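Below is one structure; the comments refer to it alone.
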Amino acid sequence: MMKLFSLVHNENIKVFKRIRTWIMFGIMAFAVLLMAFLMHQGGQNQDWEQRAQDEIQRYEDQIEAINESMQQAENQDNSDQAQQVMPNAEEEISSIQGQIDRLESHLEEGKNPYERNVWTFMSDSTGLIALISLFVVIVAADIVASEFSWGTIKMLMIRPFTRGEILLSKFITVVLFQMIILALLFITSWLIGGMYFGFAPIDYESITFTNSGQMEAETVSIEILKIYGVEFIRLLVIASLAFMISTIMRSNTFAIGIGVFILLSGNIITGLLRQYEWGKYVLFPNLNLTQYIHNLSPPFEGMTLPFSIGVNAVYFVIFMVLTWYIFKKRDIAG
Numbered sequence: 059m060m061k062l063f064s065l066v067h068n069e070n071i072k073v074f075k076r077i078r079t080w081i082m083f084g085i086m087a088f089a090v091l092l093m094a095f096l097m098h099q100g101g102q103n104q105d106w107e108q109r110a111q112d113e114i115q116r117y118e119d120q121i122e123a124i125n126e127s128m129q130q131a132e133n134q135d136n137s138d139q140a141q142q143v144m145p146n147a148e149e150e151i152s153s154i155q156g157q158i159d160r161l162e163s164h165l166e167e168g169k170n171p172y173e174r175n176v177w178t179f180m181s182d183s184t185g186l187i188a189l190i191s192l193f194v195v196i197v198a199a200d201i202v203a204s205e206f207s208w209g210t211i212k213m214l215m216i217r218p219f220t221r222g223e224i225l226l227s228k229f230i231t232v233v234l235f236q237m238i239i240l241a242l243l244f245i246t247s248w249l250i251g252g253m254y255f256g257f258a259p260i261d262y263e264s265i266t267f268t269n270s271g272q273m274e275a276e277t278v279s280i281e282i283l284k285i286y287g288v289e290f291i292r293l294l295v296i297a298s299l300a301f302m303i304s305t306i307m308r309s310n311t312f313a314i315g316i317g318v319f320i321l322l323s324g325n326i327i328t329g330l331l332r333q334y335e336w337g338k339y340v341l342f343p344n345l346n347l348t349q350y351i352h353n354l355s356p357p358f359e360g361m362t363l364p365f366s367i368g369v370n371a372v373y374f375v376i377f378m379v380l381t382w383y384i385f386k387k388r389d390i391a392g
């Protein structure tokens, strides 16, 4: 255990002594500050009722446009096209109708849906976790490949550590980096959001709608914790994939490039798979765990939060086993 602790300590020194790491932290803090500044500059629309009514009208126009597209697909007598358009269109209409119901509920209760405070800002700032995904991929894809690029891998191997211990220490370091930058986002968004928009009780609630159309009041702080929880799982799986790439590649630049490409192409892959039933067993459609927190319809029928977490767990194990096997068999001298 002490050997592993020593290895993790050394790996953390390598990561945190690099200026790149501190630039990432700086970018994250600046992104939160910029987001708060822009939202504050926009201000809270005083005539919020008119704003809500205008938004409802825009949503209704969107539903009408979708219905027209569905009608055109049916009139063209193209059954294949209709089968592809109909499920997606119905899901989109359901999602838009939920937004209409939410705004109408606020109007009925005389409650401003655009009210901002520390909790609503923190909820909005969870969108910046997408930026954290990029940073995690860069660190995970680089942490092993860089040892080959710099020629330091042989020095690691002459020490009294097994390959498994070296690999484990590097992955633990990636997870620690992930936890630290998530904590940075949480703390900075709370501090900056409180200063710009004011602090609010921890039990502050907002109105949401379930997939079945039922209205419910949800404590925003609890929703934020749920988002951070499922995003941690997603980042863990993404990190394991990038870590495997880092183990395969000898070039850290190439490893980072492939890792970033896979991360950015995830939504495209999900869109291409929607027409196949087996697509729900592929990793990328299951990475978006926040869709369940926000009561959005998943891309495939039968997908639930436990199902997606299970799929993520299977891929995580596969990636880690492959990483361990590849690294154990790797020709270090080559």
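Mind the numbering: the sequence shown is residues 59 to 392 in the working numbering, read in order.
Ideal Cβ placement from N, Cα and C applies to all residues, glycine included.
A quick note: this is a predicted structure, and the numbers were derived from the prediction, not measured.
Cβ neighbour criterion (16 or more within 10 Å) applied to residue i
i	result
F301	buried
K338	buried
E69	buried
I296	buried
Y350	buried
P364	exposed
D112	exposed
S304	buried
V66	buried
I239	buried
I250	buried
V375	exposed
Residue closest to residue i, alpha-carbon to alpha-carbon, out of the options
i	options	result
P357	K169, P364, Y373, Y334	Y334
Y117	L242, R221, I158	I158
F319	G329, W336, R332, L299	L299
G293	L234, I85, F219	First, the amino acid is wrong: residue 293 is Leu here, not Gly. Ranking L234, I85, F219 by Cα distance to L293 puts L234 first.
S366	M378, F342, H352, R388	F342
M93	S247, V379, F219, L380	S247
A147	S163, G168, E122, E167	E122
F290	Q236, I265, F255, A258	Q236
S264	T381, F179, D119	F179
P218	M378, L62, I81	L62
Q115	I250, E162, W80, I211	E162
Q155	Y254, S323, N353	N353
A275	T266, I282, A241	T266
S323	S207, L192, Y373	L192
I314	F95, I151, E126, V194	V194
L321	S183, G100, L345	L345
Extent of the continuous alpha helix (DSSP H) to which residue i belongs
i	result
H2	Summary: the structure shown does not reach residue 2, with the chain confined to residues 59 through 392, and so no result is reported for it.
L186	Run containing L186: none; DSSP gives neither H nor E here.
D105	No alpha helix (DSSP H) holds D105; DSSP gives it neither H nor E.
A241	221-255
G368	363-387
E205	203-208
K72	60-74
F358	Taken as a continuous stretch (DSSP letters only), F358 belongs to no alpha helix (DSSP H), as it is neither H nor E.
P343	341-345
Check your understanding: Mind pulling the beta strand (DSSP E) runs of 3 or more residues that sit fully within the region 262-325?
Key -> Counting whole runs of 3 or more residues, the region 262-325 contains the beta strand (DSSP E) stretches 263-267, 273-277.
Practice item. Take every Cβ of the region 180-190, pair it with every Cβ of the region 284-292, and state whether three or more of those distances are shorter than 8 Å. Key: Because the criterion of three Cβ pairs below 8 Å is met, the region 180-190 and the region 284-292 touch.
Practice item. Count the CB pairs spanning the region 79-97 and the region 121-133 that are closer than 8 Å, and state whether there are at least three. Key: Proximity of the region 79-97 to the region 121-133 falls short of the contact definition, fewer than three beta-carbon pairs being nearer than 8 Å.
Check your understanding: On the three-pair Cβ rule with 8 Å, is the region 62-80 touching the region 225-233?
Key -> Yes, since at least three Cβ pairs between the region 62-80 and the region 225-233 fall closer than 8 Å, the two stretches touch.
Review point. So does the region 370-388 actually touch the region 213-227, counting three or more Cβ pairs closer than 8 Å?
Key: Contact between the region 370-388 and the region 213-227 is present: 3 or more CB-CB pairs across the two stretches fall below 8 Å.
**Study point:** the region 192-203 in contact with the region 166-180 per 3-pair CB rule at 8 Å
**Key:** In this structure the region 192-203 does not lie against the region 166-180, because fewer than three pairs of beta carbons, one per stretch, are closer than 8 Å.
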